[in-house]
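Notes follow once the structure below has been shown.
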Amino acid sequence: MATLTIQEVDLAKTPVRELNRALHAPEAVAWRVANPRGAHAVACGIRENLTVDIEGHVGYYCAGMNQHATVTVHGNAGTGVAENMMSGTVRVRGNASQSAGATAHGGLLVVDGDAAARCGISMKGVDIVVGGDVGHMSAFMGQAGRLVVCGDAGDALGDSLYEARIYVRGTVKSLGADCVEKEMRDEHLAELAELLKAAERDEDPADFRRYGSARELYHFKVDNTTAY
């Protein structure tokens, strides 16, 4: 069996733009990135089935527009990690700042720690699993996909939600406009179990509650003007 070659890049010596260029036309399928030191836009726009391990904290928009790749941040991530992701897997071993998974269309984003405000804002099909808490207005205008919160959720969860599903194990400080608690049926328990397994979590799906859209704001109604 051939030995897997790991391409090593040290961002203390190599510019981020050069790294991203190499990842767009890769000579290896496994990459290790050292000394990110909070750099922005690390590992963005990957279109290949690569494995990228980033050994440290990253800044804004890490792994944005990801397709097919598995990107792991062994540290914390700044604003917009996995923004507009299409497919693949992005995992943050630490905490994520605001707007994690914003506008993402597909794939799986896992945050082992906490995620700040607007986690999953305008999500369009991505699955997001957060091991800790999420901040206010998470899943704001969520159109499709699933958000799983193993901790607590802040204010205005699911505000102006469309068809995204939200599962929360802990407490919800408040629900946003048109977001309501819904029944946890067998199909939802099965769906949640698959998501937790994919995220390498061991929580019991029965401990979660499900939230979704009340579908009252899909069409303008004069009686709902205060909710818009």
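If you use my numbering, the sequence shown corresponds to residues 811 to 1038, in order. No residue lacks a Cβ here, since even glycine has one placed at the ideal position from N, Cα and C.
- Proximity to P846 across T882, A838 and N876 peaks at T882, based on C-alpha coordinates.
- Counting other Cβ atoms within 10 Å of its Cβ, T815 stays below 16 and is therefore classed as exposed.
- V990 and G980 have their C-alpha atoms roughly 16 Å apart.
- The DSSP-derived three-state label of E997 is helix.
- When secondary structure is reduced to three states using DSSP, R1020 falls in the strand class.
- Assignment of beta-bridge partners to D1014 by DSSP yields no partner.
- Straight-line measurement puts the Cα of A912 at about 5 Å from the Cα of I931.
- A residue is called buried when at least 16 other Cβ atoms come within 10 angstroms of its Cβ; E973 does not meet this threshold and is exposed.
- C960 and S897 have their alpha carbons spaced roughly 23 Å apart.
- Counting along the chain, no alpha helix (DSSP H) covers V868, and no H or E run does either.
- Sequence-distant partners of D969 (beyond 5 residues in either direction) whose C-beta falls short of 6 Å from its own C-beta, in its chain, are M947, F950, G986 and A987.
- With distances taken between CA atoms, R827 lies nearest to C854 out of P1015, E858, C854 and R842.
- Nearest to Q817 by C-alpha distance, out of K823, P836 and R831, is P836.
- In the displayed model, V900 falls within a strand according to three-state DSSP.
- DSSP places A844 inside the beta strand (DSSP E), whose first and last residues are A840 to A844.
- Here E818 carries a strand assignment [DSSP, helix/strand/coil].
- Counting only runs of 3 or more residues that sit fully inside the segment 930-1015, the beta strand (DSSP E) segments are 934-940, 954-959, 975-978 and 989-992, in chain order.
- Between K992 and G1022, the beta carbon gap of about 5 Å places them in contact (Cβ cut-off 8 Å).
- Per DSSP, the continuous alpha helix (DSSP H) segment holding L833 begins and ends at V826 to H834.
- Beta-bridge pairing by DSSP links V891 to no other residue.
- Counted as a single uninterrupted DSSP element, the beta strand (DSSP E) harbouring V921 occupies residues L918 to V921.
- Excluding the 5 residues flanking it on each side, E858 has same chain C-beta neighbours closer than 7 Å at P836, H878 and A879, in chain order.
- Annotation for V958: V939, Y977 and L1005 place their beta carbon closer than 6 Å to its own, counting only its chain and skipping 5 residues before and after.
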